[in-house]
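In terms of this note's numbering, the sequence shown is residues 49 to 348.
Notes to accompany the following structure.
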Amino acid sequence: MKLYKVVGTSFIAISLLGLFGCENTSSSSQTQNNNSTAENHESQNTDQSQQDKTSQASGKSTNGVQSTQNSGSNQSSGNDQTGSTNQKTPPKTKQEALNNIAMQLKTKVPLMMPKNVPVDAGKYLTATTTSQAWYYQIKLYESDIPVNINSQDAAKGTLIATVEGTEYKDIASAEKAINGYTQADISQNSIDLGQGIKGTMDGATGHSYILWNEGRWSINVDSPNDPTYQNKIYPNGLKLAQKIVAYLNDHTLPAPQKNGVITIRNWQQEPETTIEWQYHEMTYQITSPDPIKALEVATH
49 MKLYKVVGTS FIAISLLGLF GCENTSSSSQ TQNNNSTAEN HESQNTDQSQ QDKTSQASGK
109 STNGVQSTQN SGSNQSSGND QTGSTNQKTP PKTKQEALNN IAMQLKTKVP LMMPKNVPVD
169 AGKYLTATTT SQAWYYQIKL YESDIPVNIN SQDAAKGTLI ATVEGTEYKD IASAEKAING
229 YTQADISQNS IDLGQGIKGT MDGATGHSYI LWNEGRWSIN VDSPNDPTYQ NKIYPNGLKL
289 AQKIVAYLND HTLPAPQKNG VITIRNWQQE PETTIEWQYH EMTYQITSPD PIKALEVATH
């Protein structure tokens with residue numbers, strides 16, 4: 049009987065030792081896992097902190113509002129991005145081209161996509177794009193044949209207009225980025241531009257300036273007095289201003305949060321029209337050699 053008691057006691061002791069030994073091993077393993085998880089969290093927090101510092105140093109916010117036109121799959125990490133050219137077939141219609149352009153943009157900011165782009169009959173719309181988390185640029189081209197967006201042949205077409213969007217760190221910074229808004233004093237040098245719109249006309253050193261306001265917009269046309277330098281498409285600055293007023297009577301410009309500015313250099317050499325406005329932290333800009341084409345891209 050004593051022998052049985054000894055054997056039984058030893059068996060119980062061994063069983064208990066095995067049980068507690070397993071628990072200690074499991075506890076040790078759990079501790080290691082917890083330590084590993086904590087290290088991973090710390091590493092992730094460090095990486096996020098570094099990204100935040102980089103964002104603050106650039107002066108740009110990476111927390112842009114996502115546009116309904118801009119899918120989450122198109123959001124980038126903030127590095128320079130040029131859209132890929134993995135489209136199966138070149139777009140044959142303007143709407144197909146605009147859809148493909150939006151898909152190529154990798155940005156977090158709300159997109160201002162043109163609803164209409166002037167393309168001559170028998171021509172095709174294509175584009176090149178550049179985008180970052182806080183910025184995007186679209187160069188719209190007209191081509192003789194269908195061409196994929198961002199292909200090498202896209203930039204060989206005729207430039208129609210450039211569309212850009214930039215996000216600033218706050219609304220005040222975005223407002224400051226819009227320069228040149230002027231309120232026309234129609235009590236002096238007043239001219240009739242049609243559609244019930246009046247503006248002013250002034251001259252200085254070979255220039256003729258026509259200025260007027262529509263809503264929150266300031267519009268300025270700079271034309272040369274010397275016929276040698278006149279724009280061959282729009283040789284008369286006054287008639288161009290009246291043409292613009294008539295066009296805007298039937299079409300709507302975007303609504304700036306505060307002000308918008310349209311500046312038109314109506315010269316034969318380096319003609320350029322710039323349309324720019326601010327909305328919250330965003331500024332948008334459209335440039336084109338042709339003022340009417342610029343307006344067609346900007347309006348709806």
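Glycine is no exception: its CB is placed at the ideal position from the N, C-alpha and C atoms.
Proximity below 8 Å, CB of Asn-148 to CB of Ile-193:
No. Outside cutoff.
How would you call Gln-185, buried or exposed, if buried means at least 16 neighbouring beta carbons within 10 angstroms?
With 16 or more other Cβ atoms within 10 Å, it is buried.
Inside the region 165-224 only - beta strand (DSSP E) runs reaching at least 3 residues:
Those beta strand (DSSP E) runs which fall completely within the region 165-224 and span 3+ residues are 172-180, 183-191, 206-215.
Let me know if Asp-218 comes out buried or exposed under the rule of 16 or more other beta-carbons within 10 Å of its beta-carbon.
With fewer than 16 Cβ atoms within 10 Å of its Cβ, Asp-218 is classed as exposed.
Val-269, DSSP secondary structure in three states:
It is a strand residue.
Could you tell me the alpha carbon to alpha carbon distance between His-348 and Asn-237, rounded to whole angstroms?
Whole-angstrom Cα-Cα distance: 32 Å.
According to DSSP, simplified to helix, strand and coil, what is Gly-285?
In the three-state reduction of the DSSP assignment, Gly-285 falls in the helix class, which pools H, G and I.
Whose CA, out of Lys-154, Gln-180, Gln-143, Ala-222, lies closest to the CA of His-328?
Nearest to His-328 by alpha-carbon distance, out of Lys-154, Gln-180, Gln-143, Ala-222, is Ala-222.
Straight-line gap, Met-160 to Thr-321 (C-alpha atoms, nearest Å):
Computed Cα separation, rounded: 18 Å.
Could you check which residue in Arg-313, Glu-262, Tyr-257 has the C-alpha nearest to that of Asn-279?
With distances taken between Cα atoms, Asn-279 lies closest to Arg-313.
Just how far apart, CA to CA, sit Ala-346 and Asp-274?
Separation of Ala-346 and Asp-274 (C-alpha to C-alpha, rounded to the nearest whole angstrom) is 30 Å.
Look at the Cβ atom of Thr-300, then the Cβ atom of Ile-226, and state whether they are nearer than 8 Å.
Their beta carbons are not under 8 Å apart, which means Thr-300 does not touch Ile-226 by this criterion.
Specify the secondary structure class of Leu-259 as computed by DSSP and reduced to three states.
Residue state for Leu-259 is assigned as strand, using DSSP reduced to three classes.
Spatial neighbours of Asp-270 in its chain, beta-carbon cut-off 7 Å, leaving aside the 5 residues before and after
Counting only Cβ-Cβ distances below 7 Å, and skipping sequence neighbours, we find His-255, Tyr-257, Ile-312, Arg-313, Asn-314.
Using CA atoms only, rank isn't needed, just tell me which of Asn-297, Leu-173, Val-167, Gln-326 is closest to Lys-140.
Ranked by Cα distance from Lys-140, the first of Asn-297, Leu-173, Val-167, Gln-326 is Leu-173.
Could you check where the alpha helix (DSSP H) with Gln-152 kicks off and where it finishes?
Where Gln-152 is concerned, the enclosing alpha helix (DSSP H) stretches over 142-152.
Candidates Ile-245, Ala-203, Lys-224, of which the one nearest Asn-297 by Cα
In terms of Cα proximity to Asn-297, the closest of Ile-245, Ala-203, Lys-224 is Ile-245.
What's the C-alpha gap between Asp-201 and Ile-208?
Distance between the alpha carbons of Asp-201 and Ile-208 is about 15 Å.
Using a Cβ-Cβ cutoff of less than 6 Å, which residues in the same chain neighbour Thr-210 once the five nearest sequence positions on both sides are dropped?
Here the set comprises Lys-187, Thr-335.
Is Glu-215 buried or exposed, if buried means 16 or more other CB atoms sit within 10 Å of its CB?
Sixteen is the threshold: when 16 or more other Cβ atoms of the shown chains lie within 10 Å of the Cβ of Glu-215, as they do, the residue is buried.
Taking the alpha helix (DSSP H) that Ala-353 belongs to, which residues open and close that run?
In the structure as shown, the chain begins at 49 and stops at 348. Residue 353 is therefore absent and cannot be evaluated.
In the DSSP assignment, find the beta strand (DSSP E) that holds Asp-240 and state where it starts and stops.
Here the beta strand (DSSP E) through Asp-240 covers 238-242.
Closer than 7 Å by C-beta to Val-167: which residues in its own chain qualify, once you throw out the five before and the five after it? Chain order, please.
Correct list, in chain order: Lys-142, Leu-173, Glu-190.
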